[in-house]
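Enquirer:
Chains as they are written, first to last, in the working numbering: chain H, 1 to 284; chain Z, 1001 to 1284.
1) Using a C-beta to C-beta distance shorter than 7 Å, which residues of chain H count as neighbours of residue 1111 (chain Z)?
2) Here's the rule: buried if 16 or more other CB atoms are within 10 angstroms of the residue's CB, otherwise exposed. What is residue 1065 (chain Z)?
3) According to the Cβ coordinates, are residue 1122 (chain Z) and residue 1067 (chain Z) closer than 8 Å?
4) Cβ of residue 1114 (chain Z) less than 8 Å from any chain H Cβ?
5) Mind listing, in chain order, the continuous alpha helix (DSSP H) runs of no fewer than 4 residues lying wholly within the stretch 1157-1231 of chain Z?
6) In this structure, how does DSSP classify residue 55 (chain H) when only helix, strand and coil are distinguished?
7) Taking 7 Å as the limit between beta carbons, can you name the residues of its chain near residue 19 (chain H), skipping five residues before and five after?
8) With residue 1188 (chain Z) and residue 1038 (chain Z) assumed to form a contact (beta carbons below 8 Å), what rounded beta-carbon distance in angstroms separates them?
9) In chain order, what residues of the same chain have a beta carbon less than 7 Å from the beta carbon of residue 1202 (chain Z), not counting five sequence neighbours either side?
10) Compute the distance between the beta-carbons of residue 136 (chain H) and residue 1108 (chain Z), then report whether it is under 8 Å.
11) Against residue 1168 (chain Z), what residues of chain H qualify as contacts under a CB-to-CB distance less than 8 Å, listed in chain order?
12) If the cut-off is 7 Å on Cβ atoms, which residues from the stretch 1058-1087 of chain Z count as contacting chain H, listed in chain order?
13) Hey, is residue 1098 (chain Z)'s beta-carbon within less than 8 Å of any beta-carbon in chain H?
14) Output needed in chain order: residues of the stretch 1120-1135 of chain Z with a Cβ under 9 Å from some Cβ in chain H.
15) Only counting the same chain, and skipping five residues up and downstream in sequence, which positions put a Cβ closer than 6 Å to that of residue 1232 (chain Z)?
16) Rounded to whole angstroms, what's the CA-CA distance from residue 1195 (chain Z) to residue 1057 (chain Z)? Just pull it up for me.
17) Could you tell me which uninterrupted alpha helix (DSSP H) segments, each at least 4 residues in length, are contained entirely in the stretch 1080-1125 of chain Z, listed from first to last along the chain?
18) Tell me the rounded alpha-carbon separation between residue 1175 (chain Z) and residue 1222 (chain Z).
19) Do residue 1133 (chain Z) and residue 1164 (chain Z) have their C-beta atoms within less than 8 Å of each other?
20) Beta carbons nearer than 8 Å to chain Z: which residues of the stretch 162-193 of chain H have them?
21) Please state the DSSP three-state secondary structure of residue 1152 (chain Z).
22) May I ask you to verify whether the stretch 1169-1183 of chain Z touches the stretch 1138-1152 of chain Z, counting CB pairs closer than 8 Å and requiring at least 3?
23) How would you write the range of the beta strand (DSSP E) that residue 244 (chain H) sits in, first residue to last?
24) Excluding sequence positions up to five away, which residues of its chain have a Cβ less than 6 Å from the Cβ of residue 1186 (chain Z)?
25) May I ask you to list, following chain order, the residues of the stretch 13-35 of chain H that have a beta carbon less than 8 Å from some beta carbon of chain Z?
26) Around the Cβ of residue 1255 (chain Z), are there at least 16 other Cβ atoms within 10 angstroms (buried) or fewer (exposed)?
27) Between the stretch 1235-1260 of chain Z and chain H, which residues of the former have CB atoms less than 8 Å from a CB of the latter, in chain order?
28) Which residue wins for smallest C-alpha separation from residue 1225 (chain Z), given the options Z:1052, Z:1257, Z:1100?
29) Is residue 1269 (chain Z) near residue 1248 (chain Z), with beta carbons less than 8 Å apart?
30) For the beta strand (DSSP E) that residue 29 (chain H) lies in, which residues bound it at each end?
31) Give the range of the alpha helix (DSSP H) segment to which residue 136 (chain H) is assigned.
32) Is residue 8 (chain H) close to chain Z? Criterion is C-beta to C-beta, closer than 8 Å.
33) Along the chain, where does the beta strand (DSSP E) containing residue 1279 (chain Z) start, and where does it finish?
34) Indicate whether residue 153 (chain H) and residue 29 (chain H) have their beta-carbon atoms separated by less than 8 Å.
35) At which residues does the alpha helix (DSSP H) containing residue 1020 (chain Z) begin and terminate?
36) Could you list which residues in chain Z have their beta carbon closer than 8 Å to that of residue 104 (chain H), in chain order?
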């Protein structure tokens, strides 16, 4: 018989969150999400549960980080299912604020990170990172957690948030968590459910392209342009895949490399119709 | 015999500040300054001392909030004298960081407040408020104080910081403190020492202009243009004074008013040679 899962406490206002945190056992681990929770999120919550006495999950579809209104509106929402996932993975409380509790009346503050937000996702999605850093600064501040868990799948986002937290003196430790994949290699994403069956069948090409470049790296190749070309060639063989960028960059600055003399980050964004997928592979 | 004044503990790094605060009695009151402490700052420190078990003063001449390099370089600095003022007014600890402890290597984050920063000081000093909000966000975050004390003299700065703290979920209570004036009405400012004797003699014209407008308000005048003109006329009678702006604005939004139907904020910036002075008077 399956063990019954305790549902976490749900809070919806800044004030109720403050009260709940005032009584929470320390340390607190934070997982910020936009809902549509999948096994990738569950793995973050389980990691937070392993390290902390209290696990706070936030569910907020942040309008400020979508650069296309249609993407914001199409973003999947199912609160009851999300709360069950949180509980099953070990969350103690879930913060599900309405927009006005995150951005109160008259809100007009933004948090911006500079050079790290310019290439890759930043170049493809104007305003995206300013939306992310603003909401994450708010959530980190409201939570006051000892640790916050972010997925390596959004590698640039992880770097940007780490930079922001360090710059602003936010004492929360930013913990990177490994990518969770489907058996065929596709990285879990809330957007995967929007793929048609044909697109879904084609989507593992991202992982294959990263693996092909990694194979050349493992074989000793240190020419970044060859690694990028290897990814491009693999992607080009898949007619449903429309690559937006492929990158072989310095993993600290995200500047494109010529030759690899240390660690590097392979990454890409690929469109399948209206659905945009990203993936990456650190080399070191 | 004067009572000997205990010198406060001086800390210079984020890490030492964190350690000192971990042992500090609560609540903590914060006063952020750029040094060159005068009786206005001392009044903030005394107010913090009256309300809190620990008083933290920060002294940091913030290069990011000067829009003129010459103003930054001319800004007066005397650490030993400042620490004595802090101690005499009741400070427990003083944070005097070098630039790299406020803006660590690779720093690239900025905090910006929108519409409230556009008129008045924001229009006259491009980039000024972004420098202020960025450094104050960092200092509020590092301090984690229950209360922070800001002078009403920088009325727009006070509004902007209050807005930023509310927007970002910073739980520190922002406390407004009254303007401290010389006997002749000149508001205390670290820049006053840079006035020539002739300019110093002329500088109380700011206060006289505000008082003239207040007298019309007290007599029942509710036409904002007349109040602004009253200030302009008083300032125009002083040949050493070069007004930059005079304002009669909504005290919540800082938009210029036509007619006063509720509270208002009279404010002005006036140059005396290279020295720029501001003053204001709330009407309610």
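Just so you know, even glycine gets a beta-carbon here, dropped at the ideal spot from N, CA and C.
Expert: Judging by the given coordinates:
1) Counting from one through the second chain, the residue named residue 1111 (chain Z) turns up at place 111. Under the 7 Å cutoff, chain H gives 109, 111.
2) Here residue 1065 (chain Z) refers to the residue found at position 65 of the second chain. Looking at its Cβ environment, which holds 16 or more other Cβ atoms inside 10 Å, residue 1065 (chain Z) is buried.
3) The sequence position of residue 1122 (chain Z) within the second chain is 122, counting from 1. The sequence position of residue 1067 (chain Z) within the second chain is 67, counting from 1. No, the Cβ-Cβ distance between residue 1122 (chain Z) and residue 1067 (chain Z) is not below 8 Å.
4) Counting from 1 along the second chain, the entry for residue 1114 (chain Z) is found at position 114. By this cut-off, residue 1114 (chain Z) is an interface position.
5) 1197-1202, 1205-1218
6) Position 55 of the first chain, counting from 1, holds the residue named residue 55 (chain H). Reduced to three states, the DSSP call for residue 55 (chain H) is strand.
7) Along the first chain, read from residue 1 onward, the residue named residue 19 (chain H) stands at position 19. Answer for residue 19 (chain H): no residue qualifies.
8) Counting from 1 along the second chain, the entry for residue 1188 (chain Z) is found at position 188. Counting from 1 along the second chain, the entry for residue 1038 (chain Z) is found at position 38. About 5 Å; that satisfies the 8 Å criterion.
9) Taking the first residue of the second chain as position 1, residue 1202 (chain Z) is located at position 202. Same-chain partners within the cutoff: 1238, 1240, 1241, 1272.
10) As a first step, residue 136 (chain H) is located in the first chain; it is residue number 136 there, counting from the start. As a first step, residue 1108 (chain Z) is located in the second chain; it is residue number 108 there, counting from the start. Taking 8 Å as the Cβ cut-off, residue 136 (chain H) and residue 1108 (chain Z) do not qualify as a contacting pair.
11) Position 168 of the second chain, counted from the first residue, corresponds to residue 1168 (chain Z). Simply 109, 111, 137, 138, 141.
12) none
13) What you label residue 1098 (chain Z) is simply residue 98 of the second chain in a count that begins at 1. So no, residue 1098 (chain Z) is outside the interface.
14) 1133, 1134
15) For the purposes of this step, residue 1232 (chain Z) is taken as the residue at position 232 of the second chain. Correct list, in chain order: 1246.
16) Position 195 of the second chain, counted from the first residue, corresponds to residue 1195 (chain Z). Position 57 of the second chain, counted from the first residue, corresponds to residue 1057 (chain Z). The alpha-carbon atoms of residue 1195 (chain Z) and residue 1057 (chain Z) are separated by roughly 27 Å.
17) 1099-1102, 1121-1124
18) Residue numbering aside, residue 1175 (chain Z) sits at position 175 when the second chain is read from its first letter. Residue numbering aside, residue 1222 (chain Z) sits at position 222 when the second chain is read from its first letter. If you take the alpha carbons of residue 1175 (chain Z) and residue 1222 (chain Z), they lie about 29 Å apart.
19) Residue mapping note: residue 1133 (chain Z) aligns to position 133 of the second chain, counting from 1. Residue mapping note: residue 1164 (chain Z) aligns to position 164 of the second chain, counting from 1. Contact flag set, yes.
20) 163, 164, 166, 167, 168, 169, 170, 171
21) Numbered from 1 along the second chain, position 152 holds the residue referred to as residue 1152 (chain Z). Coil at residue 1152 (chain Z), not helix or strand.
22) yes
23) Translated into positions along the first chain, residue 244 (chain H) becomes position 244. Run containing residue 244 (chain H): 242-249, per the beta strand (DSSP E) assignment.
24) The count along the second chain starts at 1 and reaches residue 1186 (chain Z) at position 186. Taken in chain order, the residues that qualify are 1203, 1204.
25) 14, 18
26) Reading the second chain from its first residue, position 255 is the one you call residue 1255 (chain Z). Counting Cβ neighbours within 10 Å, residue 1255 (chain Z) comes out exposed, since fewer than 16 surround it.
27) none
28) Here residue 1225 (chain Z) refers to the residue found at position 225 of the second chain. Taking only the C-alpha atoms, the option nearest residue 1225 (chain Z) is Z:1257.
29) Taking the first residue of the second chain as 1, we reach residue 1269 (chain Z) at position 269. Taking the first residue of the second chain as 1, we reach residue 1248 (chain Z) at position 248. Contact: no.
30) As a first step, residue 29 (chain H) is located in the first chain; it is residue number 29 there, counting from the start. It spans 28-33 - the beta strand (DSSP E) in which residue 29 (chain H) sits, taken as one unbroken run.
31) Against the first chain, residue 136 (chain H) aligns to sequence position 136. From DSSP, the alpha helix (DSSP H) with residue 136 (chain H) extends over 128-143.
32) As a working note, residue 8 (chain H) is residue 8 in the first chain. So no, residue 8 (chain H) is outside the interface.
33) Your numbering for residue 1279 (chain Z) matches position 279 in the second chain. Taken as a continuous stretch (DSSP letters only), the beta strand (DSSP E) holding residue 1279 (chain Z) covers 1275-1283.
34) If you number the first chain from 1, residue 153 (chain H) lands on position 153. If you number the first chain from 1, residue 29 (chain H) lands on position 29. In this structure, residue 29 (chain H) does not lie closer than 8 Å to residue 153 (chain H) by Cβ.
35) Counted from its first residue, the second chain places residue 1020 (chain Z) at position 20. Note, residue 1020 (chain Z): alpha helix (DSSP H), 1014-1022.
36) Here residue 104 (chain H) is taken as the residue at index 104 of the first chain, counted from 1. In chain order: 1166, 1167.
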